[in-house]
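Structure, as structure tokens:
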Amino acid sequence: MAFFRTGMLGFGGGPAVIPLLQKEVVERYQWMNDDEFGDTIALSNTMPGPIATKLAGYIGYKVGGVWGLLTALAASVIPTVLLMVLLLGVLQRYKDVPWVQNMSQTVVPVVAVMLGVLAWNFVQQSQKALGWKIAIFLIVISVLLLEVIGLHPAILIAILIAVVLIPFIKRVVSK
Amino acid sequence: MIYWQIFLAFFIPGILGYGGGPASIPLVEKEVVDRYGWMSTQEFGEVLALGNALPGPIATKMAGYVGYIEGGILGSFVGLFATIAPSLILMLGLMAILFKYKDSPEVKNISKVVKPVIAVLIGFMTVQFISESQSSLGSIQTIAIMAISYLLLEQLKVHSAFVIALALVYGAVTGI
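Sequence lines, in order, name chains A and S. Taking our numbering, I'd label the letters of the first sequence as residues 1 to 175. Taking our numbering, I'd label the letters of the second sequence as residues 176 to 351.
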């Protein structure tokens, strides 16, 4: 129930779900206290992939084992996917009607604005975390590698992760 | 074969998308539009707009939908599995170690160094969408719709689902 509600009410992608989840998990059902919940968020932030499903899976597992995990995942994922398939299915069927076509064209600039704002958020976050110098340096390098040279982003991200993690792994292994 | 492609298309964004669901959007676009050609940029835009207007995590909505279009219900399941399972298993498996090293600077740094790359990827997606819209609607309409939606979304803090609905209505009315 906790994850169904947050899944259905969390408009605006995974991170929007976090405060709602906190309400359910900490205040309503008291599966965790605030500190534990904070730690869990921090840790799932250091892991790759969508945040909402990592949280659902982990909390579900803690509370109800493997079945808890599956229940939490199903509740946060399946209802919204079904809605999406249904709505887009209807849209696809009337694709060739001119006014429907026009609808899908006018929504493109709105998406562009949302993406632009999102991109700027990431720039600000990197500036806060790394400072302007390193952030701009990394941005310029990424533009060059990704768009001018055409490197696949997965390779660039993997290299960056490796560079950051090498000293950490060395330290852990040598202990 | 198609299931393997669906798996790969969502496994890579799932495992490299640091910074939550939205960070994996440009990576998904790279796979779905550029590599496999399952959708055009505009179709991807529709899916993204609708995904944004609907509730719930964005990454799984994309994966479930694209998987369904390409491979039916099983495809949808494969897309979801590839998005969710690797990062979740990693998290559950590493929880003990992570708790021990959660204050270690390197572990925290991972998501920091990846953020500028994600910013660039989303930035280029923005440009792509603008030029797409400019060629179908013309510059004036594109700029007007962008300006209005920016005002509504960022200045007046109107909910994105509402702004998208407004754009759809406008498109329907002008298209008749």
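Even glycine gets a Cβ: it sits at the ideal position worked out from N, Cα and C.
Run the CB neighbour count on LYS236(S), radius 10 Å, all protein chains shown included, and call it buried at 16 or more, exposed below. Buried is the call here.
Output yes if chain S places a C-beta closer than 9 Å to the C-beta of ILE51(A); else output no. ILE51(A) belongs to the set of residues whose beta carbon lies under 9 Å from a beta carbon in chain S.
Against chain A, does LYS236(S) count as a neighbour if the rule is that its beta carbon must be under 9 Å from one of theirs? Closer than 9 Å to some Cβ of chain A, the Cβ of LYS236(S) qualifies, so yes.
What whole-angstrom Cβ distance do VAL288(S) and LEU138(A) have, given they're in contact under 8 Å? So it is a contact: roughly 7 Å between Cβ atoms.
Is the shortest distance between the beta-carbon of MET32(A) and the beta-carbons of chain S less than 9 Å? MET32(A) has a beta carbon lying at 9 Å or more from every beta carbon in chain S.
Grab me the residues of LEU55(A)'s own chain with a C-beta within less than 7 Å of its C-beta, minus the 5 sequence neighbours each way, in chain order. Excluding positions up to five away in sequence, the list reads LEU21, THR40 and SER44.
Are the C-beta atoms of GLN180(S) and some chain A residue less than 9 Å apart? Any Cβ of chain A closer than 9 Å to the Cβ of GLN180(S) would place that residue at the interface, and such an atom is absent.
Inter-residue spacing [alpha-carbon to alpha-carbon] between VAL110(A) and GLN330(S): When rounded, the distance between both Cα atoms is 15 Å.
Using a Cβ-Cβ cut-off of less than 7 Å, list which residues of the stretch 310 to 330 of chain S approach chain A; keep chain order. Under the 7 Å Cβ criterion, the stretch 310 to 330 of chain S contributes SER311, LEU312, THR317, ILE320, MET321, SER324, TYR325, LEU328 and GLU329.
Give the interface partners of TYR243(S) over in chain A, defined as CB-CB distance under 7 Å, in chain order. The contacting residues are VAL85.
Burial state of SER174(A), where buried means 16 or more other Cβ atoms lie within 10 Å: SER174(A) comes out exposed.
Using a Cβ-Cβ distance cut-off of 9 Å, determine whether LYS205(S) contacts chain A. The beta-carbon of LYS205(S) is placed less than 9 Å from the nearest beta-carbon of chain A.
If ILE59(A) and VAL25(A) are in contact, beta carbons under 8 Å, what's the gap, nearest whole angstrom? Taking a contact as a CB-CB distance under 8 Å, the pair ILE59(A) and VAL25(A) counts as one, their CB atoms being some 6 Å apart.
is_contact[VAL148(A), chain S] using C-beta, thresh 9 Å: No, its Cβ sits nowhere closer than 9 Å to a Cβ of chain S.
Between MET103(A) and LEU343(S), is the Cβ-Cβ spacing less than 9 Å? Here MET103(A) is near LEU343(S), since their CB atoms are less than 9 Å apart.
Put LYS62(A) into one of helix, strand or coil per three-state DSSP. DSSP places LYS62(A) in the helix class (H, G or I) of the three-state scheme.
Taking the alpha helix (DSSP H) that SER314(S) falls in, what are its first and last residues? Bounds of the alpha helix (DSSP H) holding SER314(S) are 314 to 325.
Test item: CB-CB of ALA119(A) and MET321(S) under 9 Å: In this structure, ALA119(A) lies away from MET321(S), with their beta-carbon atoms at least 9 Å apart.
If you follow the alpha helix (DSSP H) that GLY220(S) is part of, which residue opens it and which one closes it? Here the alpha helix (DSSP H) through GLY220(S) covers 216 to 228.
The stretch 182 to 191 of chain S contacting the stretch 241 to 256 of chain S, beta-carbon criterion three pairs below 8 Å: Yes: the two stretches touch, three or more of their Cβ pairs being nearer than 8 Å.
State the DSSP-derived secondary structure class of ASN284(S), mapped to helix, strand or coil. Residue state, collapsed to three classes: helix.
Please name the residue in PHE219(S), LEU296(S), ILE285(S) and GLN217(S) whose C-alpha comes closest to that of PRO167(A). Of PHE219(S), LEU296(S), ILE285(S) and GLN217(S), the smallest CA-CA separation from PRO167(A) is found for ILE285(S).
Quick check: the Cα distance between GLN180(S) and LYS205(S), rounded to an integer number of angstroms? Taking C-alpha positions only, GLN180(S) is separated from LYS205(S) by approximately 13 Å.
Would PHE122(A) pass as an interface residue toward chain S - the criterion being a Cβ-Cβ separation below 9 Å? Cβ-Cβ to chain S under 9 Å: yes for PHE122(A).
Grouping DSSP H, G and I as helix and E and B as strand, with all else coil, what is ASN260(A)? The requested residue 260(A) does not occur in the structure, where chain A is confined to residues 1 to 175.
Could you check if PRO232(S) is buried or exposed, using at least 16 other CB atoms within 10 Å of its CB as the buried criterion? Buried is the call here.
Cβ atoms of VAL295(S) and TYR178(S): under 9 Å apart, would you say? No, Cβ-Cβ distance for TYR178(S) and VAL295(S) is not below 9 Å.
Can you grab the Cα-Cα spacing for the pair TYR29(A) / VAL63(A), in whole Å? Roughly 11 Å separates the two Cα atoms.
Locate the alpha helix (DSSP H) running through TRP179(S), then write down its first and last residues. Bounds of the alpha helix (DSSP H) holding TRP179(S) are 177 to 191.
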